[in-house]
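Okay, so the sequence shown: first residue is 14 according to my numbering, each after it adds one. I have placed the structure first, in the form of structure tokens, so that the comments after it can refer back to it.
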Amino acid sequence: MIILPIIGAFMEAVGTILEKKVLKKRSLNCRNYTVFSFLAIIIVMLPFLYFIWHIKSEALLLKNILRFAFVIIVAIVANLLIFYSLKRKNITEFEPAWIMQPLFTVLLAFIFYQSERNWMIVGLALVASLTLVLAHIRKHHLVFDKYIIAAVLGSFAFSIELVASKPILDYYNPFAFYFIRCFFILIITYLIYKPKLKDADGRSWMYIFLIGAMWVLYRAIIYYGYEKVGIVFTTTLFILSPVLMFVFAILFLKEKPTLRQIISTIIILVCVVLAILFGKTY
Numbered sequence: 014m015i016i017l018p019i020i021g022a023f024m025e026a027v028g029t030i031l032e033k034k035v036l037k038k039r040s041l042n043c044r045n046y047t048v049f050s051f052l053a054i055i056i057v058m059l060p061f062l063y064f065i066w067h068i069k070s071e072a073l074l075l076k077n078i079l080r081f082a083f084v085i086i087v088a089i090v091a092n093l094l095i096f097y098s099l100k101r102k103n104i105t106e107f108e109p110a111w112i113m114q115p116l117f118t119v120l121l122a123f124i125f126y127q128s129e130r131n132w133m134i135v136g137l138a139l140v141a142s143l144t145l146v147l148a149h150i151r152k153h154h155l156v157f158d159k160y161i162i163a164a165v166l167g168s169f170a171f172s173i174e175l176v177a178s179k180p181i182l183d184y185y186n187p188f189a190f191y192f193i194r195c196f197f198i199l200i201i202t203y204l205i206y207k208p209k210l211k212d213a214d215g216r217s218w219m220y221i222f223l224i225g226a227m228w229v230l231y232r233a234i235i236y237y238g239y240e241k242v243g244i245v246f247t248t249t250l251f252i253l254s255p256v257l258m259f260v261f262a263i264l265f266l267k268e269k270p271t272l273r274q275i276i277s278t279i280i281i282l283v284c285v286v287l288a289i290l291f292g293k294t295y
């Protein structure tokens with residue numbers, strides 16, 4: 014189970030960098046890219062739908078349908094905010110706001126779910142998250158223009174969505190849950206924005222489908238982790254994602270790390286290792 018969130022963190026890091034690359038295109042904005050990305054996700058999942066479709070009867074209860082509707086609405090808002098920010102900001106400007114998501118997720122899970130109140134894991138998650146945020150705030154000063162505010166709000170919205178998903182995840186296969194979520198997001202955003210497929214060229218579509226495949230695996234791992242080991246423990250391991258972005262920037266973008274960033278990375282890795290050693294085991 015431990016290796017899966019680490020793979021998911023890798024998917025998130027690579028997917029975010031690729032999304033920034035695609036959003037550099039002038040013809041793409043947060044609205045049409047949202048529609049295109051969810052179209053790609055649906056197409057990627059369609060061949061496997063027969064094998065992954067599993068929904069329990071409890072999912073059809075009115076209260077659970079309303080919960081799912083809330084998840085879908087919040088997810089639409091979160092995606093639009095994040096893509097709006099990522100379109101205008103480079104990774105080093107965007108990342109300090111985006112990395113607040115693990116902190117938001119841990120705090121919300123701690124507040125709403127008694128089963129998530131493992132003080133050891135919560136403490137390690139908070140230390141790792143705050144270390145990551147502080148390292149970047151001092152580096153980039155987090156100037157709160159409208160794009161950074163959008164990224165912070167998007168991070169918070171994603172945290173709400175993820176935490177709100179937990180009560181209904183038991184009624185779905187993780188892939189089926191993600192497919193339904195993405196299907197309704199695609200339908201709603203298409204009806205609102207009605208973009209043209211030609212807004213993205215062939216190379217952009219290639220990246221969009223690759224990113225879509227990554228997000229499918231990433232979300233399935235998150236949902237599976239939430240079910241098996243809880244939100245806080247899974248989120249603690251996913252904090253590795255910004256660390257991987259940091260490593261990729263050094264290796265492939267030839268960026269030079271500061272001493273503060275190096276220390277932050279070491280602290281985060283220690284927190285993740287301790288969470289694995291002292292956290293829940295299933």
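The beta-carbon is built from N, C-alpha and C at its ideal position, and this holds for glycine as well. Just so we're clear, the structure is a prediction, and the values are computed from it rather than from any experiment.
{"Check": "Residue environment, Phe64, which counts as buried when at least 16 other CB atoms sit within 10 Å", "Outcome": "exposed"}
{"Check": "Cβ-Cβ separation, Ile20 to Trp228 (assumed contact under 8 Å), whole Å", "Outcome": "In fact, because the Cβ distance is near 13 Å, the residues do not count as touching under 8 Å."}
{"Check": "Unbroken alpha helix (DSSP H) run spanning Tyr46, endpoints", "Outcome": "Cys43 to Met58"}
{"Check": "From Ala233, Tyr206 and Thr144, residue whose alpha carbon lies closest to that of Glu275", "Outcome": "Here residue 275 turns out to be Ile, not Glu, going by the sequence shown. Checking every option, the nearest Cα to that of Ile275 belongs to Thr144."}
{"Check": "Straight-line gap, Leu31 to Ile224 (C-alpha atoms, nearest Å)", "Outcome": "7 Å"}
{"Check": "Cβ-based burial, Met24 [other Cβ within 10 Å; buried from 16]", "Outcome": "buried"}
{"Check": "Stretch pair the stretch 133-141 + the stretch 79-99: three plus CB contacts closer than 8 Å", "Outcome": "no"}
{"Check": "Unbroken alpha helix (DSSP H) run spanning Arg217, endpoints", "Outcome": "Before going on, a small fix: residue 217 reads as Ser here, not Arg. Its alpha helix (DSSP H) spans residues Gly215 to Lys241."}
{"Check": "Spatial distance of Lys152 from Gly215 (CA atoms)", "Outcome": "Reliability of the predicted coordinates at Lys152 is poor, the pLDDT of 49 falling under 50, and the value obtained from them is presented with this limitation in mind. Taking the straight line from one Cα to the other gives about 37 Å."}
{"Check": "Bridge-paired residues (DSSP) for Ile68", "Outcome": "Tyr185"}
{"Check": "Segment limits, alpha helix (DSSP H) that includes Phe61", "Outcome": "That residue, Phe61, is in no alpha helix (DSSP H); it is neither H nor E in DSSP."}
{"Check": "Short Cβ contact (9 Å threshold) for Asp212 with Asn45", "Outcome": "yes"}
{"Check": "Contact belief for Ile235 with Leu175 at Cβ below 8 Å, rounded distance in angstroms", "Outcome": "7 Å"}
{"Check": "Buried or exposed by the 16-neighbour rule on C-beta atoms within 10 Å, applied to Lys69", "Outcome": "exposed"}
{"Check": "CA-to-CA distance, Gly28 to Leu257, given in whole angstroms", "Outcome": "12 Å"}
{"Check": "CB-CB length for Val119 against Thr247, believed under 8 Å", "Outcome": "Not a contact, Cβ separation roughly 10 Å."}
{"Check": "Span separating the alpha-carbon of Ile201 from that of Leu272", "Outcome": "46 Å"}
{"Check": "Own chain residues within Cβ distance below 8 Å of Leu121, not counting five before or after", "Outcome": "Ser172, Ile173 and Val176"}
{"Check": "Range covered by the alpha helix (DSSP H) that runs through Tyr97", "Outcome": "Leu75 to Arg101"}
{"Check": "Alpha-carbon spacing of Val165 relative to Tyr206, whole angstroms", "Outcome": "24 Å"}
{"Check": "Lys34: first and last residue of the uninterrupted alpha helix (DSSP H) it sits in", "Outcome": "Ile16 to Leu36"}
{"Check": "Other residues of its chain near Glu240: CB distance less than 6 Å, five sequence neighbours each side excluded", "Outcome": "Leu182"}
{"Check": "Reduced DSSP category for Tyr126 - H, G, I as helix; E, B as strand; rest coil", "Outcome": "coil"}
{"Check": "Nearest-angstrom beta carbon gap, Leu41 and Ser217 [assumed within contact, 8 Å]", "Outcome": "7 Å"}
{"Check": "Ile193, DSSP secondary structure in three states", "Outcome": "helix"}
{"Check": "C-beta neighbour in chain C for Phe123, strict 9 Å", "Outcome": "Within the model displayed, chain C is absent; a lone protein chain is all it includes."}
{"Check": "Thr47 and Ile85 closer than 9 Å at C-beta", "Outcome": "no"}
{"Check": "Rounded Cβ spacing between Leu17 and Tyr237 (contact assumed at less than 8 Å)", "Outcome": "7 Å"}
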